[in-house]
Every structure is written in structure tokens, then in C-alpha cells.
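Residues in the sequence shown are numbered consecutively from 633, following my numbering.
Heads up, the thing below is written out as C-alpha cells.
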Amino acid sequence: MLKILKSIKSIFVHIRSSLKFIFLLIISTVIIVGIISLVYRPMYSVSLDGEFIGYTTNKSKLQKRINEYIENTDGNVAFIDVKSLPEYSLCLLKKEGQTNDDEIFERIKNSGTTYYEYYAIVEKSEEKYYVSTKKEAENIINKLKEKKSRNIDDLGYTKIHSTELKDFKDTESIITALYQKPKVVIASAYSTYSGEKIVSNATPVAQVLGIGLIKPVSGIITSRFGVRSSGNHKGLDIATSAGTTVAAAAGGKVIFSGWDSYGLGYCVKISHGNGVTTVYGHCSKLYVTSGQTVSAGEAIAAVGSTGNSTGPHLHLEIRVNGAPQNPQLYLYK
Ligand SMILES: [Zn+2]
633 MLKILKSIKS IFVHIRSSLK FIFLLIISTV IIVGIISLVY RPMYSVSLDG EFIGYTTNKS
693 KLQKRINEYI ENTDGNVAFI DVKSLPEYSL CLLKKEGQTN DDEIFERIKN SGTTYYEYYA
753 IVEKSEEKYY VSTKKEAENI INKLKEKKSR NIDDLGYTKI HSTELKDFKD TESIITALYQ
813 KPKVVIASAY STYSGEKIVS NATPVAQVLG IGLIKPVSGI ITSRFGVRSS GNHKGLDIAT
873 SAGTTVAAAA GGKVIFSGWD SYGLGYCVKI SHGNGVTTVY GHCSKLYVTS GQTVSAGEAI
933 AAVGSTGNST GPHLHLEIRV NGAPQNPQLY LYK
């Protein structure tokens with residue numbers, strides 16, 4: 633019995649000395665950590681592409697600042713391309729050791745390339761002026777179109793992606809700089825071609841065409857149908873500004889749309905049935921293709937001065953069974 637009590641006592645003594653030891657260990661650890669934290673503090677050593685660039689105590693704040701810089705799309709910044717991102721590793725540094733968040737940020741900023749997005753107003757594919765938004769660019773082109781600027785066919789805009797940001801000009805001064813007074817439609821805009829060889833048996837009076845015709849364009853008659861010094865003029869010349877829409881005089885089938893080698897330049901021919909054909913010459917643009925069916929009034933081309941022509945006008949022919957008739961017997965009377 634006594635033996636058992638003795639052994640229990642010795643166990644207690646043993647536990648007590650162990651607890652004392654553990655307690656001392658904790659105290660000493662706290663003291664050591666306390667001393668270390670008086671002199672040192674945890675920090676992040678920052679490196680970029682393996683090269684040490686500085687220390688920071690606040691990794692998340694610094695990274696947030698970098699992220700905000702990269703994701704910045706203010707103004708005309710499209711995106712920022714940073715070659716590599718910083719790497720952080722935890723370390724202890726003496727308290728008086730310097731952190732340099734600002735320098736680290738500048739280093740990363742300088743390693744980045746900023747791409748800008750903006751718009752260029754172009755004239756004959758040459759960048760002339762720069763604006764910030766697509767809306768401004770559209771507005772400029774539309775205003776110049778409304779004002780019938782003479783160079784409108786040469787004007788446009790294009791989106792620019794560049795590391796270089798250009799000086800932007802305001803809408804009004806760009807319009808003023810680019811605007812060209814529309815060419816006054818002069819009485820000398822007519823066809824000078826001698827013509828496709830066609831038997832000329834035009835009737836002096838209007839025939840019953842069996843179809844109604846509408847004016848393809850409005851304008852000034854600059855040359856009438858008939859004999860003139862340099863051969864026969866097989867059509868009627870109606871001068872108006874280049875780019876004006878040419879409407880089909882009546883519904884029918886496009887039998888030709890392309891370059892006329894006899895001098896009509898870009899030309900459309902439409903067959904309306906009943907042997908009636910209409911011809912539209914000297915166009916700047918063709919909107920239809922051969923074989924296509926068009927309805928009366930449909931946009932088929934734009935007025936121009938291609939082929940043998942002295943200025944923008946529409947050369948209109950009305951043919952019956954291949955023979956050109958005087959258009960003024962039917963239209964523009
Ligand atoms: Zn003509």
C-alpha cells in the first residue's frame with residue numbers, strides 16, 4: 633500500500649517538473665519573439681523578372697495599385713500591356729530598413745506599354761485629324777455630308793490602336809478645315825463620247841412605251857438628245873453633284889452593270905420589257921449587278937463623271953428595240 637502511494641507521489645513530482653519546463657519554454661519563446669519584433673518586422677521582398685526591386689510591408693495594397701494601373705481604361709486607354717508581374721517573397725527586415733512602394737510601382741509602370749484607342753479622320757486614306765470617340769468621327773463625316781462638301785467621297789474615319797496618343801481637335805475646327813464648297817454644277821457637264829454604234833432611227837414623237845418612267849435624278853439639263861458637232865448625242869445629260877443617287881426609271885432586269893468601253897464609263901442598262909431599255913452612264917458607283925431585278929425608283933448607281941465626261945452628270949438613254957429615243961419626249965419635258 634505504501635509502495636503504491638510512493639509511486640503516485642513520484643509521478644506527480646515528475647508531472648510538476650515537466651509543466652515547469654514547458655512554462656519556461658513558452659516564456660522564453662515569447663521573450664525571443666518580442667525581442668525580434670522590436671528589431672525586425674516581416675516584409676515582402678519584391679522582384680521583377682528575377683531582379684530585386686524593393687521591399688513592401690503591404691503586399692495587397694501595392695498589388696491593388698498595380699492592378700488598378702493595368703486595368704485603367706480611362707480616356708482613350710484601350711489597355712496596358714505589362715511584360716511581367718512582380719513576385720513577392722516573405723522575409724524579415726530590420727525595422728529601420730526602407731520600404732519603397734512608390735519606386736516599385738514606378739518600375740512596373742515604366743515596364744508597361746499603354747495602348748490607346750481613338751479615331752482618325754482620313755482624307756484619301758491619309759490620317760488628317762484625330763478625335764477621341766467614334767461618335768465624334770461619325771458626326772464630322774455626317775456634317776460634311778450634309779454640307780455636301782466636295783471632297784466627301786474621299787473622307788472617312790478609321791479606328792486607331794496605338795501606343796502613341798495624338799492631339800485631338802474639336803469637331804467644329806475639323807469640319808471647317810476639311811470642308812470644301814460643293815462644285816457648282818456648271819452647264820459644261822456633259823458627255824463627250826461619240827457613242828456606241830447604234831442605228832439611229834429615233835422617232836420624233838413619243839411612242840407608246842407601255843410602261844411609266846420616272847426621273848432617275850433631278851438636275852440641270854446640260855446637253856440634249858440629237859445631232860451635235862461631234863456626232864450624235866444618244867441621250868440626255870442631267871448635271872447634278874457627284875454621288876447623287878440614280879434611281880431606276882422603271883422596274884426591270886439589269887442587263888449590264890460595269891465599265892462601258894464606248895465612253896459611258898461606269899454604266900447600268902436595264903431592260904423593262906416591251907423592247908424598252910434605259911441606259912445610265914458616267915456613274916461613280918454601281919449598286920446593282922447584271923441579271924438582277926430592280927423596281928422603279930430603286931437606287932442603282934451614283935452620279936459621277938467617269939468615261940468621256942466633262943463633269944458630274946447622268947447620261948440617260950431611253951432605247952426602243954435598240955434605237956435611242958429622245959428622253960425628253962418622256963421625261964424632263
Ligand atoms: Zn450624254
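Idealized CB from N, CA, C, for every residue including glycine.
Values in this document were obtained by computation on a predicted structure and should not be read as measured data.
In the DSSP assignment, find the unbroken alpha helix (DSSP H) run with residue 808 in it and report its ends. Following the DSSP letters along the chain, one finds residue 808 inside the alpha helix (DSSP H) bounded by residues 803-810.
Run of the alpha helix (DSSP H) containing residue 692, from where it starts to where it stops: Element bounds for residue 692: 691-703.
Measure from the alpha carbon of residue 927 to the alpha carbon of each residue in 753, 661, 712 and 886, then state which is nearest. The candidate whose alpha carbon is nearest that of residue 927 is 886.
Runs of alpha helix (DSSP H) wholly within the stretch 731-812 (minimum 4 residues, chain order): Taking 4 residues as the shortest admissible run, the stretch 731-812 contains the following complete alpha helix (DSSP H) segments, listed from N- to C-terminal end: 733-743, 766-778 and 803-810.
Expected contact under 8 Å - CB spacing of residue 868 and residue 948 to nearest Å: For a cut-off of 8 Å, the C-beta gap from residue 868 to residue 948 is around 5 Å, short enough to register as a contact.
Just the Cα atoms here: how many angstroms apart are residue 727 and residue 692? Going from the Cα of residue 727 to the Cα of residue 692 covers about 20 Å.
With distance defined between alpha-carbon atoms, name the residue in 642, 786, 735 and 916 nearest to residue 759. Per the Cα distances, 786.
8 Å Cβ cutoff met for residue 916 and residue 898: Yes, the Cβ-Cβ distance between residue 916 and residue 898 is below 8 Å.
Separation of residue 849 from residue 932, as counted between CA atoms: Straight-line Cα distance between these residues: approximately 11 Å.
How about residue 996: is its Cβ closer than 7 Å to a heavy atom in ligand 1? The structure shown does not extend to residue 996, since the chain spans only 633 to 965, so no value can be given for it.
Chain-ordered residues, beta carbon under 5 Å from a heavy atom of ligand 1: Listed by chain position, these are 823, 867, 869 and 947.
Return the first residue and the last residue of the alpha helix (DSSP H) that residue 967 is part of. The displayed coordinates of the chain run from 633 to 965. Any statement about residue 967 would go beyond what the structure contains.
When the Cβ atoms of the stretch 712-727 are set against those of the stretch 735-746, are three or more pairs found closer than 8 Å? Yes, the stretch 712-727 is in contact with the stretch 735-746.
Where residue 845 falls: helix, strand or coil (DSSP): Three-state result, residue 845: coil.
Residue 683 - containing beta strand (DSSP E), residue span: Note, residue 683: beta strand (DSSP E), 683-688.
Give every residue of the same chain whose Cβ lies closer than 6 Å to the Cβ of residue 777, excluding the five residues on either side of it in the sequence, and list them in chain order. So the qualifying residues of the chain are 784.
Spatial neighbours of residue 710 within its chain, please: CB distance less than 7 Å, with the 5 preceding and 5 following residues excluded, ordered by chain position. These residues qualify, in order along the chain: 747, 748, 749 and 793.
Starting from residue 889, follow the beta strand (DSSP E) in both directions and report where the run begins and ends. Per DSSP, residue 889 belongs to the beta strand (DSSP E) from 884-892.
Using the Cα positions of residue 598 and residue 764, report the straight-line distance between them to the nearest angstrom. The question about residue 598 has no answer, for the chain in this structure spans 633 to 965.
Three CB pairs or more closer than 8 Å across the stretch 932-945 and the stretch 956-964: Counting C-beta pairs with one atom in each stretch, the stretch 932-945 and the stretch 956-964 have fewer than three that are closer than 8 Å, which means they do not touch.
If you follow the beta strand (DSSP E) that residue 951 is in, where does it begin and where does it stop? That run of the beta strand (DSSP E) goes 945-952.
On the three-state DSSP scale, how would you describe residue 680? Under the three-state reduction of DSSP output, residue 680 falls in the strand class.
Cα-Cα, which of 944, 925, 909 and 768 is closest to residue 853? Answer by Cα proximity: 944.
Does DSSP put residue 836 in a helix, a strand or coil? Coil, per DSSP.
So what does DSSP say about residue 924, is it helix, strand or coil? Residue 924 falls in the coil class under three-state DSSP.
Residue 830 (DSSP reduced to helix, strand or coil): Because the pLDDT of residue 830 is 48, which lies under 50, any placement of that residue in the model is unreliable, and the number read from its coordinates should be weighed accordingly. Here residue 830 sits in coil by DSSP.
By the three-class DSSP mapping on this structure, what secondary structure does residue 956 have? In the structure shown, residue 956 sits in a strand (DSSP, three-state: E or B).
What separation, rounded to the nearest whole angstrom, lies between the Cα atoms of residue 689 and residue 740? Straight-line Cα distance between these residues: approximately 17 Å.
Helix, strand or coil for residue 918 per DSSP? In the structure shown, residue 918 sits in a strand (DSSP, three-state: E or B).
What does DSSP give as the partner residues of residue 719 in its beta bridges? Note: residue 719 sits in a beta bridge opposite 679.
What residue from 651, 687 and 762 has the CA that sits closest to residue 798's CA? It is 762.
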